[in-house]
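Contents: one structure, followed by commentary.
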Amino acid sequence: MNVLFLTDSLGYPREGLDAAQGVDVWPYKVSLMLNKTRDSNKLNLFFDARPGRDSNELVKNRDKHIKAFQADVIVLQIGIVDCYARALTKVEAKVLPALPFIGKLTKYFVKKYYKRIVKFRDMSYVNPSDFRDNLVYFRDGLVQTEFIVLPIAPASDEYRLLNPLIEERVVQYNQILKSVFSDMYIGDCYNEENAVDLFLPDNHHLSRKGHEVVSNKVHSVLMKRCNCEFGLLNKASQNRE
């Protein structure tokens, strides 16, 4: 059975206070638990974590890259890059800082009036309609694959203060994830956890506690979804035989 952990930077190790090192990240922690199963020698685990990954990239790489893993199960973590409310578009963020005078002026105004600009422009890198279309396209091209889909993590109080639209966007895009993946979406991944404990000071990347919470939930769901002794997914692996 092939299991692919497909994530954005939330599946990545990071340095810093209470940050996750390589052995702390949730995909690796899940792999350790899976490798303790009786039939772990029949389990092939793959990891593909990329900072800045959004649903546009899933569409771009579905056929030429992701399909090559021949995954029976994809554990998918995506969405925060898509939904985050931005002050500047990707092109503006790349071009404006490089311009003399205008670059410094842009930086000053964005820093000083960030919240107002975010609320006024009301934009994300991937709008809700495109996000849904991207997910449907990605899902429908992998018909032999079982998905386990993580929600976008809840926004802490500090995150909401920094970005006035973040909570609204997280709820909206999580609803889209749920509508596209249905029972493959594990909406209770972060339930009953204090959001502030889940993240590093950037309010975005998972702390060691956050990785622990996610790894325990993913492992639990994976075992149940497999519906077989010691978590081996017989049904999916038979599709590859």
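Each residue of the sequence shown is one higher than the last, beginning at 341 in this note's numbering. Where a beta carbon is used, it is the ideal one built from N, C-alpha and C, also for glycine.
With respect to the 7 Å criterion, V415 and V553 are not classified as neighbours on the basis of their beta carbons. A distance below 8 Å between beta-carbons, with the five flanking residues on each side excluded, links V458 to the following residues of its chain, in chain order: A425, R426, A427, N503, P504 and L505. Rounded to whole angstroms, Q512 and R472 show a C-alpha spacing of 11 Å.
Excluding residues up to 5 positions away in sequence, P353 lie with their Cβ nearer than 7 Å to the Cβ of Q361 in the same chain. R461 and H545 have their C-alpha atoms roughly 25 Å apart. In the structure shown, M341 adopts coil according to DSSP, grouped into three states. Remark: C-beta atoms of C423 and S464 approach each other more closely than 7 Å. Put simply, the backbone Cα of L383 is about 16 Å away from that of K564. With contacts defined by Cβ atoms closer than 7 Å, R393 and D348 form a contacting pair. Residue I492 holds the alpha-carbon nearest to the alpha-carbon of V510 among D537, I492 and K430. Distance from the CA atom of K455 to the CA atom of A408, rounded to whole angstroms, is 42 Å. Look at Y368 here: in three-state DSSP terms it is helix. Selection S496, S371, K430 and N556 evaluated against D537 yields S496 as nearest (Cα-Cα). Burial check for N514: the Cβ neighbour count within 10 Å reaches 16 or more, so the residue is buried. In the three-state reduction of the DSSP assignment, Q417 falls in the strand class. Counted as a single uninterrupted DSSP element, the stretch harbouring F441 is not any alpha helix (DSSP H), since DSSP gives it neither H nor E. Under the DSSP assignment, A425 falls outside any alpha helix (DSSP H); it carries neither an H nor an E label.
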